[in-house]
Amino acid sequence: MSNLTPCVSVQNVSKYFGKQQVLKEINLEILRGEIFGLLGPSGAGKTTLVKELSGLDQPTSGENYLFNEKMPSLELINRIGYMAQSDALYLELSAKENIEFFASLYGLKRNKQKQRIQEVMEMVNLAEHLDKLVGDYSGGMKRRLSLAIALLHDPEILILDEPTVGIDPLLRKSIWDSFYELNKKGTTIIITTHVMDEAEKCDRLGLMRDGSLIAVGTPNELKEKTNSDTIEKAFLVYGGVSDEN
Amino acid sequence: MRIKALTIRILRQIIRDKRTVAMLIFAPMLVLTMLHFVFNGDDYVPKVGLVDVPQPVLSELDLSSAEISEYESEDTAKEALSKQELDGYILFKNQEPFIYLEGSDPTVNGETMRWLQSVFKPLQNTGVNIDLEVTYLHGSSEMGQFDYFGPVLLGFFVFFFVFIIAGVSFIRERTTGTLERLLSTPLRKWEIVLGYVLGFGIFAMIQSTLVATFSIYVLDMMMEGAFFYLLIIILALAFTALTLGILISTFANNELQMIQFIPVIIVPQVFFSGLFNLETISDWLSWVGPITPLYYAAQALRDVMVRGYGWGDIYIEIIVLFGFSLLFIFLNVIALRKYRKI
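Here's what the structure looks like:
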């Protein structure tokens, strides 16, 4: 699936919030066209890292590059779709008003806008709920609407922060199906998760713990190297190694 | 394009929130109506000018408990009157006293008249006619307390409600994560601030037009000048309240903390805006007035509504108000750097 050219490059990135260090000397390359998962418990620094990649935050030291250009930059932001952990939606407005608003922010023209909205809403199975107020949406519907908004401007890189939290298994499967579909079209997907079985679905994984990237590889590589039969066990082995240091 | 989208979104949100809309429009009307029935006066030392008062009369007068200045001619006294350096002056023509009052503040009118009557009492026996002839530069003897305080209150309510609503909705934008979502799009920081200013600005204009119309035509508040000038002043004030509200909301973590700023930011402005006579404020605090937006708005509103002045007399205040807005917009863009550096 991936053609082995990196589109994201994280170089020696550290981040401090006050005295607390939340990212420790991270080095990472994410390849064009892959689904890359960042796996780790909450507080591991996953969100901080993806926020830096989406231009919302900056490293204290080190640099992030997207398509060989340094982040943050407004040019690059246009090529990224970002879906935050919380559903950032306007509850007083209808789904259509929400999505039209964001479409305008990305500068989509009238006709293109209509067509894209229809496409992404069908992709997340919300096309028939377009005129409902978002306040009346269920949790799962809100997540899917957030995803649809992140897809609107057809980004080359999709950054998803815990996209399937609180979503029932059936829906999770359908959301993952849409990820695969996008991926097939060439979209690079970066996804954070703390759910182990979800990690198995990624092309490659980065394991994070206490602000450090403790291992990177395909799910199978990680399991083989540690002689484990699950990602969870592999994580424990890598985590244990880092504890001894 | 992006600013327009943001403006439309904000207007839509406001319209959906029917209760807030009703609150913003009817609360000021209700309170103004109540105040209309409540107002009463207090103490004041009048500033009186004397023009051509005959020496024998002057020696008979007890001029204590007022600030007295003497003038050579009526013209200089009149000028001092229109600059509000004097509350009134006495002019003797053919041994007869004529009184001219500045007239825009009924409390001051009352105090000045009371003082004059007590001063001229001893003259009753000397044969001078004390049937005092009174002329008002502004206002009239009919003018009530409410007419004088009204313009300040009108300004205050517009400021207060716009400040709160803008601040709270910006906090909501932050706490629900939508601000972060906005910043993950190519939207520029100044576009966010400007979108807010336009969205709420349009609504503030509708609100203030309704409240002002109600005050003038239903409550019969004095209105000497042009309604158009009133709207310009109110709009300039609303922009200031809006940009200040958004700025202050940066220092609050939730809606309750925003409310806590009211005693710090809003209430002091009321004291220094001219609702209470500014000359009775102690010197060490008198510098506060000129740094508060409401001070300028109140002055301009009073110039238009009570004194009937036009553009030439209010443009400085309007420039100052827009200056405040620009300053706050600038600070807002800087404050947003906290969320995205570029």
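Sequence order for the protein chains is A and B.
All residue numbers for the first sequence refer to this note's numbering, where the first residue is 1 and numbers rise by one.
All residue numbers for the second sequence refer to this note's numbering, where the first residue is 1 and numbers rise by one.
By construction, the Cβ of each residue, glycine as well, lies at the ideal position given by its N, Cα and C atoms.
Keep in mind that this is a model prediction, so the values were computed, not measured.
8 Å Cβ cut-off: residues of chain B touching residue i
| i | result |
| --- | --- |
| Glu-97 of chain A | Arg-9 and Arg-12 |
| Pro-72 of chain A | Arg-340, Lys-341 and Ile-342 |
| Gln-58 of chain A | Lys-341 |
Bounding residues of the beta strand (DSSP E) (the contiguous stretch that carries residue i)
| i | result |
| --- | --- |
| Gln-113 of chain A | Where Gln-113 of chain A is concerned, there is no enclosing beta strand (DSSP E), although the alpha helix (DSSP H) it sits in stretches over 110–123. |
| Met-196 of chain A | Segment 196–199 is the alpha helix (DSSP H) holding Met-196 of chain A; no beta strand (DSSP E) there. |
| Ser-215 of chain B | Neither: Ser-215 of chain B is in no beta strand (DSSP E) and is coded neither H nor E. |
| Tyr-136 of chain B | 133–136 |
| Ser-9 of chain A | 6–17 |
| Leu-101 of chain B | 96–101 |
| Phe-251 of chain B | Segment: none, Phe-251 of chain B is in no beta strand (DSSP E) and carries neither H nor E. |
| Asn-27 of chain A | 20–31 |
| Phe-92 of chain B | 88–93 |
Short Cβ contact (8 Å threshold) for residue i with residue j
| i | j | result |
| --- | --- | --- |
| Asn-98 of chain A | Val-134 of chain A | yes |
| Ile-3 of chain B | Glu-191 of chain B | yes |
| Gly-49 of chain B | Ala-66 of chain B | no |
| Leu-275 of chain B | Phe-149 of chain B | yes |
| Leu-301 of chain B | Val-152 of chain B | yes |
| Met-83 of chain A | Asp-131 of chain A | no |
| Ala-241 of chain B | Phe-163 of chain B | yes |
| Phe-98 of chain B | Glu-133 of chain B | yes |
| Leu-28 of chain A | Val-216 of chain A | yes |
| Leu-236 of chain A | Leu-222 of chain A | no |
| Tyr-16 of chain A | Gln-13 of chain B | no |
| Ser-42 of chain A | Ala-88 of chain A | no |
| Thr-107 of chain B | Gln-145 of chain B | yes |
| Gly-81 of chain A | Ile-159 of chain A | yes |
Residue environment, residue i, which counts as buried when at least 16 other CB atoms sit within 10 Å
| i | result |
| --- | --- |
| Val-13 of chain A | buried |
| Asn-40 of chain B | Any reading at Asn-40 of chain B needs caution, since the residue's pLDDT is 44, under 50, leaving its predicted position unreliable; the model's value is listed next. Exposed. |
| Gly-186 of chain A | exposed |
| Asp-269 of chain B | Sequence check: residue 269 of chain B is Gln here, not Asp. It counts as buried. |
| Trp-311 of chain B | exposed |
| Tyr-296 of chain B | buried |
| Phe-227 of chain B | exposed |
| Asp-42 of chain B | Bear in mind that a pLDDT of 47 at Asp-42 of chain B, under 50, signals an unreliable position, so the number given afterwards is only what the model happens to contain. Flag for Asp-42 of chain B reads exposed. |
| Leu-187 of chain B | buried |
| Glu-96 of chain B | exposed |
| Ser-59 of chain B | exposed |
| Arg-19 of chain B | exposed |
| Asn-245 of chain A | Residue confidence is low: Asn-245 of chain A scores 40 on pLDDT, short of 50, so the model does not pin down where it sits. Its coordinate-derived value is still stated next. Looking at its Cβ environment, which holds fewer than 16 other Cβ atoms inside 10 Å, Asn-245 of chain A is exposed. |
| Asp-229 of chain A | exposed |
| Gly-293 of chain B | With the sequence shown as reference, residue 293 of chain B is identified as Pro, and Gly is not the correct amino acid for it. Classification of Pro-293 of chain B: buried, given that the 10 Å Cβ count is 16 or more. |
| Ser-118 of chain B | exposed |
| Tyr-315 of chain B | exposed |
| Arg-116 of chain A | buried |
| Tyr-137 of chain A | buried |
CA nearest to the CA of residue i, picked from the options
| i | options | result |
| --- | --- | --- |
| Ser-212 of chain A | A:Ile-190, A:Gly-239, A:Gly-55 and A:Glu-181 | A:Gly-239 |
| Asp-147 of chain B | B:Val-53, B:Val-119 and B:Ala-298 | B:Ala-298 |
| His-36 of chain B | B:Met-221, B:Phe-330 and B:Lys-18 | B:Met-221 |
| Thr-243 of chain B | B:Ser-286, B:Leu-86 and B:Gly-199 | B:Gly-199 |
| Ala-148 of chain A | A:Ile-157, A:Gln-58, A:Arg-172 and A:Glu-119 | A:Glu-119 |
| Leu-6 of chain B | B:Ile-216, B:Asp-87, B:Glu-173 and B:Phe-157 | B:Glu-173 |
| Leu-247 of chain B | B:Gly-289, B:Val-304 and B:Val-168 | B:Val-168 |
| Arg-79 of chain A | B:Val-197, B:Ile-232, B:Thr-185 and B:Thr-209 | B:Thr-185 |
| Thr-33 of chain B | B:Phe-203, B:Arg-12 and B:Val-211 | B:Val-211 |
| Phe-179 of chain A | A:Leu-31, A:Ile-35 and A:Thr-48 | A:Ile-35 |
| Leu-31 of chain A | A:Lys-19, A:Asn-227, A:Arg-209 and A:Pro-6 | A:Pro-6 |
| Leu-86 of chain B | B:Asn-253, B:Val-306, B:Lys-47 and B:Met-113 | B:Lys-47 |
| Leu-154 of chain B | B:Asp-105, B:Val-197 and B:Ser-208 | B:Ser-208 |
| Ile-15 of chain B | A:Glu-92, A:Lys-46, A:Gln-58 and A:Pro-41 | A:Glu-92 |
| Tyr-44 of chain B | B:Ile-234, B:Glu-111, B:Gln-84 and B:Pro-263 | B:Glu-111 |
Boundaries of the alpha helix (DSSP H) in which residue i is found, first to last residue
| i | result |
| --- | --- |
| Met-113 of chain B | 106–120 |
| Met-258 of chain B | 255–259 |
| Arg-172 of chain B | 145–175 |
| Val-264 of chain B | That residue, Val-264 of chain B, is in no alpha helix (DSSP H); it is neither H nor E in DSSP. |
| Ser-61 of chain A | Element bounds for Ser-61 of chain A: not the alpha helix (DSSP H) but the beta strand (DSSP E), 61–66. |
| Lys-225 of chain A | 219–225 |
Contact set between residue i and chain A, taken where Cβ atoms lie within less than 9 Å
| i | result |
| --- | --- |
| Ala-5 of chain B | Glu-100, Phe-101, Phe-102, Ala-103, Ser-104 and Leu-105 |
| Met-23 of chain B | None at all; the shortest Cβ gap to chain A is about 15 Å. |
Within chain A, the residues that residue i reaches when beta carbons sit closer than 7 Å
| i | result |
| --- | --- |
| Asp-17 of chain B | Glu-92 |
| Gly-177 of chain B | Ala-84, Ser-86 and Ala-88 |
| Arg-181 of chain B | Ala-84 and Ala-88 |
Chain-ordered chain B contacts of residue i [CB-CB under 9 Å]
| i | result |
| --- | --- |
| Asn-78 of chain A | Thr-185 and Pro-186 |
| Ser-54 of chain A | Ser-184 |
Beta-carbon neighbours of residue i, restricted to chain A and to distances below 8 Å
| i | result |
| --- | --- |
| Met-1 of chain B | Ser-104 and Gly-107 |
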